[in-house]
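**Student:** Protein chains in written order, with the numbering used here: chain A, 1 to 232; chain B, 233 to 534.
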Amino acid sequence: MTVIKSEKLRKILSVIIPFIFIPAVVVSGVLVFRSKNYSYGIFAVSVLSVLLFICGFDRRKTGTRRLVLISAAVAMACVGRAVCSFIPAVNPITAITVLFAVYLGSEAGFMTGAFSALISNIFAGQGVWTPFQMFAWGMIGFFAGVFAKYLENHTVRMCVYVFFAGMVYSFIMDVWSVMWAYNSFNLKFYLASISSAAPYTAVYAISNVVFILLLRKPFSEKLGRIKIKYGI
Amino acid sequence: MSCFEIFNPATVFIFFACVIVSGIFTMNPVITVISLAGALAYWFVMPGQKNNRIHIYTVLMTLACMVFNPVFGHNGATVIVVINNHNVTVEAGLYGIFLGLMLSAAVYWFASFSKIMTSEKIIYILGFISQKAALVLTMALRFIPVYIRKAKQINNTQKALGLYKDETIVSRVRGGARVFSILLTYMIEKTIITSDSMAARGYSGRRRRNFSLYSFGRRDVIFLLASLVFTACTVYASSKGALVYNFYPYADTPSTAAVALAGYIGYGLLCLSPSVTEGGSRLKWRYLKSKISHSDIRLPTR
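#1: C250 (chain B) to A24 (chain A), Cα distance in whole Å?
#2: Judging by CA-CA distance, which residue of A:G166, A:E152, A:G41 and A:G127 is the nearest neighbour of V210 (chain A)?
#3: Can you check which of these residues, A:F110, A:A108, A:G109 and A:T130, is closest to L118 (chain A) by C-alpha distance?
#4: Please confirm whether A458 (chain B) has its beta-carbon closer than 8 Å to some beta-carbon of chain A.
#5: If we ignore side chains and look at the alpha-carbon of each, how far apart do R225 (chain A) and Y150 (chain A) end up?
#6: Which runs of the alpha helix (DSSP H) fall wholly inside the stretch 321 to 374 of chain B and span at least 4 residues, in chain order?
#7: Mind reading off the beta-carbon distance from F257 (chain B) to F21 (chain A)? Whole number of angstroms is fine, and I expect it under 8 Å.
#8: Looking only at its chain, what residues have a beta carbon closer than 6 Å to the beta carbon of M1 (chain A), apart from the 5 residues adjacent to it on each side?
#9: Can you look up N307 (chain B) in the DSSP assignment and give me helix, strand or coil?
#10: Against chain B, with Cβ distances strictly below 8 Å, would F185 (chain A) count as a contact?
#11: Can you pull the chain B residues whose beta carbon is under 8 Å from the beta carbon of Y230 (chain A), in chain order?
#12: Starting from the beta carbon of M430 (chain B), find every residue of chain A whose beta carbon is closer than 8 Å, and list them in chain order.
#13: Curious, which full-length alpha helix (DSSP H) runs of at least 4 residues does the stretch 43 to 99 of chain A contain?
#14: Taking the CB atoms as reference points, tell me whether C503 (chain B) and G270 (chain B) lie closer together than 8 Å.
#15: With a cut-off of 8 Å, does the C-beta of M298 (chain B) fall near any C-beta of chain A?
#16: Against S71 (chain A), what residues of chain B qualify as contacts under a CB-to-CB distance less than 7 Å, listed in chain order?
#17: Per DSSP, what are the beta-bridge partners of V313 (chain B) in this structure?
#18: Looking at G141 (chain A): is its Cβ nearer than 8 Å to the Cβ of V98 (chain A)?
#19: Please list the partners that I380 (chain B) has in chain A, where partner means a Cβ-to-Cβ separation under 7 Å.
#20: Check the Cβ of K391 (chain B) against every Cβ in chain A and list those closer than 7 Å, keeping chain order.
#21: Who are the Cβ neighbours of A82 (chain A) in its own chain at under 7 Å, not counting the five residues just before and after it?
#22: Measure the beta-carbon distance from I246 (chain B) to S505 (chain B) and round it to whole angstroms, keeping in mind my assumption that it falls under 8 Å.
#23: With distances taken Cα to Cα, identify the nearest neighbour of F43 (chain A) among A:M76, A:V146, A:F135 and A:V168.
#24: In three-state terms, what does DSSP make of T294 (chain B)?
#25: Using the beta-carbon count (16 or more within 10 Å), is N208 (chain A) buried or exposed?
#26: Does A198 (chain A) have its Cβ less than 8 Å from a Cβ in chain D?
#27: Using a Cβ-Cβ cut-off of 7 Å (strictly less than) and excluding sequence neighbours within five positions of I312 (chain B), which residues of its own chain qualify?
#28: Please list the terminal residues of the continuous alpha helix (DSSP H) segment that includes M173 (chain A).
#29: Please list the residues of the stretch 91 to 109 of chain A that have a C-beta atom closer than 8 Å to any C-beta atom in chain B, keeping them in chain order.
#30: Under 8 Å: do the stretch 61 to 68 of chain A and the stretch 169 to 179 of chain A share three or more Cβ pairs, one atom per stretch?
#31: Give a yes or no on whether the C-beta atoms belonging to P261 (chain B) and P481 (chain B) are separated by under 8 Å.
#32: Using a C-beta cutoff of 8 Å, does S46 (chain A) count as contacting chain B?
#33: Please compile the residues from chain B whose C-beta is within a distance smaller than 9 Å of the C-beta of A192 (chain A).
#34: Note down the Cα distance separating Y468 (chain B) from K384 (chain B), rounded to an integer number of angstroms.
#35: Please work out which residues of its chain come closer than 7 Å, Cβ to Cβ, to G29 (chain A), disregarding the five sequence neighbours upstream and downstream, and give them in chain order.
#36: Contact between the stretch 441 to 460 of chain B and the stretch 235 to 246 of chain B: three or more CB pairs below 8 Å?
Shown next, in the form of structure tokens:
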């Protein structure tokens, strides 16, 4: 639903909103929620940066084929998460996001990661963590797209990337939980939460590598082929 | 059916955003208790199937916070016992309980939120920000059941052809990868067909709008205004510093200044409003039904 009809006003707003609205929301919130200012700050920044990405995606011209391919990738990742849900801490979202990002670019990667988090949480349960998951998986996809040149056609590098992406993902989520509970970066609690989550983190990082080893070949062949055939 | 089904999703979304954000970012035991009470009240008033395992989960979480916080943190002045040169304090325990209750309140609010905000409502909300994102979300939600069905078909075909057995874990994983590879080919070809047919119907032409049947009526205006006014009370009290509460070194007594009370009352009304709305609509329905049975239904006369 487009609320604002005037094209000109929309253009002005699209410039003003990111540069005035976002700092305003963050600063006012930090002033209001004094005793939780740090955690509010990082929460607001992660929500708004996801929104900013989505707005940028909306404005840019994306081909129809690319658009449908992104939604197919999101669906694929969600099906993968649902299929793997009986094993704790294992899901293919990182692997699929990285593979799509490498072959379709960083923007497609961000969208795949962020929307996979949003949609799979409709089934797995939404929570305060949803914006952080969207942000973390989106960023994993975004950087995979940025480093696509080094990761394409190179299985070992890609495995290393997803291994560290899996670890960084867990660490980011732990940073959030510690920041929220203690409103400051308390190293002791952070180490405690990291070490209690260590088995999950390890399983997650290794399962990502396994997914890449299994899926990289079909992905590179098939996405490479349609890129040539249809010029996406 | 919840009475929030007929509200505009934007109203419901703004209400939940207000409750959750001001609840989890205000560190005050009174606010936390109010939030938990409101969330529980709505959880019990809300109609429909509910997963009662959530209570076990929240109780365990609160207990875990209560135990782990004094073990890892040694702030606080009232020492109970010293273990290994490490002070176990009353304040750290109190903070743990408070943290657990706060987390539980958030869990209950999010459980109700997930129940009310179904996927089509999330798409509607996203449509305000980006048409394209809403489209991607819609299509992805459509593709999910298609892929699940297709994956089952492929799996059955592969098994019937005798191409893999699912006896050991390794063979199952390899079989799964094989099914995935076939599904990927299907998905990519179908994507191209879908997008070409979209282009043929003029998708890439002019600006688009999405269509929905949600209206923004009087009840939305009232509910939205009420939520915003109540939130404003809380935010005002919070920005005046009246809701600041310190656990360390000694736990404070919650402030009872007029500003703080305004904050508590505002937040209390905000947390109660969904239960009141839901309960009120149910009472109204009972009342209307009682009227029907008395005046409108006439027993057949012999």
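Every residue, glycine too, gets a C-beta built ideally from N, C-alpha and C.
From a predicted model like this one, the values you see are computed outputs, not experimental measurements.
**Tutor:** Short version:
#1: Answer to the nearest angstrom: the Cα atoms are 17 Å apart.
#2: That would be A:G166, whose Cα lies nearest to the Cα of V210 (chain A).
#3: For L118 (chain A), the closest C-alpha among the options A:F110, A:A108, A:G109 and A:T130 is that of A:T130.
#4: No, its Cβ sits nowhere closer than 8 Å to a Cβ of chain A.
#5: Straight-line spacing of the CA atoms in R225 (chain A) and Y150 (chain A) works out to 20 Å.
#6: Within the stretch 321 to 374 of chain B, the alpha helix (DSSP H) runs of at least 4 residues that lie entirely inside it are, in chain order, 322 to 348 and 351 to 361.
#7: Between F257 (chain B) and F21 (chain A) the beta-carbon gap is near 19 Å, outside 8 Å, which marks them as no contact.
#8: Any reading at M1 (chain A) must be qualified, since the residue scores a pLDDT of 41, below 50, and its modelled position is unreliable; the value itself is stated next. Answer for M1 (chain A): no residue qualifies.
#9: In the structure shown, the three-state DSSP call for N307 (chain B) is coil.
#10: The beta-carbon of F185 (chain A) is placed no less than 8 Å from the nearest beta-carbon of chain B.
#11: Those are I424, listed as they occur along chain B.
#12: Proximity of chain A to M430 (chain B) at the Cβ level (cut-off 8 Å) is accounted for by T64 and V68, in chain order.
#13: Correct list: 64 to 83.
#14: A contact, by the Cβ cut-off of 8 Å.
#15: M298 (chain B) is outside the set of residues whose beta carbon lies under 8 Å from a beta carbon in chain A.
#16: Per Cβ cutoff of 7 Å: V368, M371, A372 and F375.
#17: For V313 (chain B), which the question treats as bridged, DSSP gives the partners B:V320.
#18: Against a cut-off of 8 Å, the Cβ pair of V98 (chain A) and G141 (chain A) comes out as a contact.
#19: The contacting residues are V79.
#20: Per Cβ cutoff of 7 Å: no residues; K391 (chain B) is ~16 Å from chain A at best.
#21: Same-chain partners within the cutoff: F123.
#22: With a Cβ gap of about 12 Å, I246 (chain B) and S505 (chain B) do not count as contacting.
#23: F43 (chain A) has its Cα closest to that of A:F135, out of A:M76, A:V146, A:F135 and A:V168.
#24: If DSSP states are grouped into helix, strand and coil, T294 (chain B) belongs with the helices.
#25: Buried, since its Cβ has 16 or more Cβ neighbours within 10 Å.
#26: Among the chains of the structure shown, chain D does not appear; the protein chains present are A and B.
#27: The residues are V320, T321 and V322.
#28: Boundaries of the alpha helix (DSSP H) harbouring M173 (chain A): T155 to Y182, taken from the DSSP string.
#29: Nothing from the stretch 91 to 109 of chain A brings a Cβ to less than 8 Å from some Cβ of chain B.
#30: No contact exists between the stretch 61 to 68 of chain A and the stretch 169 to 179 of chain A.
#31: In this structure, P481 (chain B) does not lie closer than 8 Å to P261 (chain B) by Cβ.
#32: S46 (chain A) does not count as touching chain B.
#33: Within chain B, the residues near A192 (chain A) are F300, V303 and F304.
#34: Looking at the two C-alpha atoms, the distance is approximately 56 Å.
#35: Result list for G29 (chain A): Y40 and A44, in chain order.
#36: Judged by pairs of C-beta atoms under 8 Å, the stretch 441 to 460 of chain B touches the stretch 235 to 246 of chain B, as three or more such pairs exist.
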